[in-house]
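Asker:
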Amino acid sequence: LWRSVQRERPPLPPFHKAWWRRGDERDRVQKKTFTKWVNKHLFKRHVNDLYEDLRDGHNLISLLEVLSGDTLRFHKLQNVQIALDYLKHRQVSMWDGEPGGERVE
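Under UniProt numbering, the first residue of the sequence shown carries the number 1, and numbering increases by one thereafter.
(1) For Gln91, does the three-state DSSP call read helix, strand or coil?
(2) Mind checking Arg68: buried by the 16 CB within 10 Å criterion, or exposed?
(3) Could you pull out every residue in the same chain whose Cβ sits closer than 7 angstroms to the Cβ of Arg45, ignoring the five residues on either side in sequence?
(4) Would you give the residue range spanned by the alpha helix (DSSP H) that Leu63 belongs to?
(5) Please report the straight-line C-alpha distance between Asp27 and Leu42, rounded to a whole angstrom.
(6) At what residues does the alpha helix (DSSP H) containing Asp53 begin and finish?
(7) With DSSP as the reference, label Asp85 as helix, strand or coil.
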């Protein structure tokens, strides 16, 4: 039944195809423009692909720090806390690094 329905469907008119292509082109241009804008502001980092390079949040935090003039230390501490919580969950033993030092809980 599905195949028969698909066969009966007429193809898209040419103006619909052009409309979709125009939308894709506009998205590509906007993505390229915004990527250049981000790279203009990021001095220590470089973004090639917005979707991939902003995904983990590091470049995004760097961009926000540059634009705001603030240091987003809270986020850095939060990232460290996530790592420490994971190590604790995995029952990894940690100490303060000094010979004969104390265990870190």
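In this text, a Cβ means the ideal position worked out from N, Cα and C, and glycines have one as well.
Answerer: The answer reads as follows:
(1) Taking the sequence shown and counting its residues from 1, the one referred to as residue 91 is at position 91. Of the three classes helix, strand and coil, the one that applies to Gln91 here is coil, per DSSP.
(2) In the sequence shown, residue 68 corresponds to position 68, counting from 1. Residue identity differs from the one stated: residue 68 is Ser in this sequence, not Arg. Per the 10 Å Cβ criterion, exposed.
(3) By one-based count along the sequence shown, residue 45 stands at place 45. If we look at Arg45 and ignore the five residues flanking it on each side, its Cβ neighbours are Asn59 and Ser62.
(4) Indexing the sequence shown from 1 puts residue 63 at position 63. Leu63 -> alpha helix (DSSP H) spans His58 to Ser68.
(5) Counting from one through the sequence shown, the residue named residue 27 turns up at place 27. Counting from one through the sequence shown, the residue named residue 42 turns up at place 42. For Asp27 and Leu42, the distance between alpha carbons rounds to 22 angstroms.
(6) Here residue 53 corresponds to residue number 53 of the sequence shown, with the count starting at 1. Counting along the chain, the alpha helix (DSSP H) containing Asp53 begins and ends at Leu50 to Asp53.
(7) Translated into positions along the sequence shown, residue 85 becomes position 85. It is helical.
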